[in-house]
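Okay, so here's the structure we're looking at.
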Amino acid sequence: MFSRILIANRGEIALRIIRACQELGVQTVAVYSEADKDAPYLKLADEAVCIGPANCAESYLNIPHIISTAEITDVEAIHPGYGFLAENINFAQICEDCGLTFIGPPVEAMKLLGDKVEARKLAQKTEVPIVPGSEGTIGDESEALKLANKIGYPVMIKAAAGGGGRGMRVAHNDMSFVSSLSAARAEAEAAFGDNSVYLEKYIVEPRHVEVQVMADQEGNILHFYERDCSIQRRHQKMIEESPCPVLKERTREELCNAAIRIIKEAKYVNAATVEFLLDKDKNFYFIEVNTRIQVEHPVTELVTGYDLIKWQIEIAAGRKFDFNQRDIKHTGVAIECRINAEDPAKDFASCPGTITRYIPPGGPGVRLDTHIHQGWTVSKSYDSMIAKVIVYQKSREEAITTMKRALREFVIEPIKTTIPACLNILSHNLYIKNKIDTGFVERNF
Ligand code: MV4
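Be aware that the sequence shown starts at 0, since it is given in numbering that gives the first Met the number 0, and climbs by one per residue.
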């Protein structure tokens, strides 16, 4: 095991990683920006080093500052958390070049899966269902038009270098296709420096279901079942749950095994999330792989009983799984609500400011992952997510009841948060009856 690692992140995930390290007996080096200098979790780390001003580009995304901090503090590995540098191939390569273990996948697997067209080919090779679409990236406009007609409208134009909803366009006919194509190309060029795009049939009103996979360095690959993340708004997830409430056991098994086949073919190591769309008829289609630990990992931890962050660190240190797929059971239902400092009345505009009254939820079945407290100032420089409330119960009905109880207990004042929005969703008849899809929030709120 490592004796000391650096955590290249902030907020609740930095604290989550520190907690895992405490239990593993691994020393931690936390890095922070000037805006985060008073964060209490920094005191839980063995060392804390300021890496720059509030601005992300100069601190949490500043590779030279992070690498030199790692050198000075003599760590053996770096955990990137999620966001920031977690999926930055350049950063992972620099870690390797500096003799630091990147707690994540090998650079080659990041490259392969970061290219969404290559990922599609990989899925195809392993007989995992993909959305009908183009073979690879598409050529000129006339070729693209022919292809769009062959696939049949509506079609989706996606950036090869994209993912997570960035650089995507839907077209319903030739006319909108032509304008969407140039817009998508321009957007992809600006965002990723790569204008290649591919086409997929547009799946109408799908559910978003993703499989948690972990692979050790010996090539053992295990899945930890799925999460349903259909409750989202503008590609920002709001509520996630495990298991997916509409999957039959047969489909669940096929889905999870499909995810494992892709991860095996990619020669992947560490934590991965394999994303699928689930259509009205419960057919699933692979869409992409996220090569990081995700925000919503706690729901999987609660239903399976495994600590995924500890295993990320153990895997990176070379430990083999001491259990197998049959040992991994899922019991009960877990639901996570993301609490963002946003004002639903102002189109969810972020709502920074100082918290003067803070009362956290607790009691049976409630887990709270957060770094905030009374007196904490939410900075405008970072993502608006400030807490995650995760509940665990025997049934979905009970989990919803516990979540509503916990959210009503939760006081964060005077800043506006997504707590009321989550409560509205949890009380909605269609949510309760599982009659939702990825368009649910936009249609109903
Ligand atoms: C799609 C789709 C419909 N058809 N692909 C958005 C995020 C990215 N991971 C993939 N996304 C989608 N891809 C086809 N062929 C609909 C979405 C989509 C979506 C997916 C998951 C969660 C929320 C979403 C919201 C809007 C659209």
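No residue lacks a Cβ here, since even glycine has one placed at the ideal position from N, Cα and C.
Cβ-based burial, residue i [other Cβ within 10 Å; buried from 16]
| i | result |
| --- | --- |
| Val374 | For the record, residue 374 in the displayed sequence is Gly; it is not Val. It counts as exposed. |
| Val127 | buried |
| Gly163 | exposed |
| Thr303 | buried |
| Met109 | buried |
| Glu239 | buried |
| Gln231 | buried |
| Cys97 | exposed |
| Gln123 | exposed |
| Ser2 | exposed |
| Lys115 | buried |
| Arg442 | exposed |
| Pro79 | buried |
| Met402 | buried |
| His370 | buried |
| Arg407 | exposed |
| Met174 | exposed |
| Ala462 | Given that the chain is displayed from residue 0 to residue 444, the structure contains no residue 462 and the question cannot be resolved. |
| Val203 | exposed |
| Ile424 | buried |
| Ile4 | buried |
| Glu445 | Nothing in the structure corresponds to residue 445, since the chain is present only between 0 and 444. |
| Ile71 | exposed |
| Arg226 | buried |
Spatially closest choice to residue i from the options, by CA coordinates
| i | options | result |
| --- | --- | --- |
| Glu412 | Thr376, Gln123, Ala315, Tyr391 | Thr376 |
| Glu140 | Thr125, Ile156, Val130 | Ile156 |
| Tyr31 | Arg18, Ala19, Gly51, Gly24 | Gly51 |
| Pro495 | Arg407, Leu5, His222, Arg168 | There is no way to answer for residue 495, as the model of the chain reaches only from 0 to 444. |
| Arg337 | Leu5, Glu295, Trp310 | Glu295 |
| Pro470 | Gly80, Asp37, Gln92, Tyr81 | With the chain represented from 0 up to 444, any question about residue 470 goes unanswered, as that position is not in the structure. |
| Arg291 | Phe275, Ile88, Arg251 | Ile88 |
| Gln392 | Phe409, His370, Gly362 | Gly362 |
| Ala258 | Arg233, Val212, Leu277 | Val212 |
| Ala69 | Glu86, Glu107, Gln26, Asp35 | Gln26 |
| Leu367 | Thr100, Ala420, Ala405, Ala348 | Ala405 |
| Lys247 | His78, Asn61, Tyr224 | Tyr224 |
| Glu75 | Asp326, Ala316, Met402, Val390 | Ala316 |
| Arg249 | Met237, Cys421, Phe283 | Phe283 |
| Gly132 | Ile286, Lys263, Ile261, Ser181 | Ile286 |
| Ile16 | Ile77, Val390, Asn54, Glu107 | Ile77 |
| Ile66 | Ile6, Glu217, Gln21 | Ile6 |
| Cys421 | Lys200, Glu341, Ala19 | Glu341 |
| Arg165 | Val196, Glu142, Ala333 | Val196 |
| Val268 | Leu221, Pro359, Gly192 | Leu221 |
| Ser426 | Glu396, Phe191, Leu301, Glu117 | Glu396 |
| Glu57 | Ser380, Ile414, Val388, Tyr40 | Ser380 |
The ligand MV4 heavy atom lying under 7 angstroms from the CB of residue i
| i | result |
| --- | --- |
| Gln231 | yes |
| Val130 | yes |
| Tyr445 | A question about residue 445 goes unanswered here, because the residues of the chain that appear run from 0 up to 444. |
| Ile446 | Nothing about residue 446 can be reported from this structure: the residues present for the chain run from 0 to 444 only. |
| Gly166 | no |
| Gly162 | yes |
| His171 | no |
| His234 | yes |
| Met155 | yes |
| Glu274 | yes |
| Thr437 | yes |
| His372 | no |
| His64 | no |
| Pro360 | no |
| His445 | Only positions 0 to 444 of the chain appear in this structure, which leaves residue 445 out of reach. |
Minimum Cβ-Cβ distance from residue i to chain C less than 8 angstroms
| i | result |
| --- | --- |
| Ala108 | No chain C is part of this structure, which consists of one protein chain only. |
Inter-residue CB distance, residue i and residue j (contact presumed, cutoff 8 angstroms)
| i | j | result |
| --- | --- | --- |
| Ile312 | Asp215 | In fact, because the Cβ distance is near 12 angstroms, the residues do not count as touching under 8 angstroms. |
| Met384 | Asn428 | That belief does not hold up - the Cβ atoms of Met384 and Asn428 are roughly 27 angstroms apart, past 8 angstroms. |
| Ala271 | Val288 | 6 angstroms |
| Cys255 | Val210 | 5 angstroms |
| Pro244 | Asp436 | About 13 angstroms; that fails the 8 angstroms criterion. |
| Arg184 | Asn194 | 4 angstroms |
| Glu264 | Leu121 | 5 angstroms |
| Leu60 | Leu84 | 6 angstroms |
Beta-bridge pairing of residue i - partner residues as DSSP gives them
| i | result |
| --- | --- |
| Gly352 | Val377 |
| Glu239 | Glu335 |
| Ala386 | Ile338, Thr369 |
| Asp346 | Answer is none; Asp346 lacks a bridge partner. |
| Phe285 | Ile129, Phe275 |
| Gln445 | The question about residue 445 has no answer, for the chain in this structure spans 0 to 444. |
| Leu43 | Looking at the DSSP assignment, Leu43 forms no beta bridge with any residue, so it has no partner. |
| Ser141 | DSSP output for Ser141 lists no bridge partner at all. |
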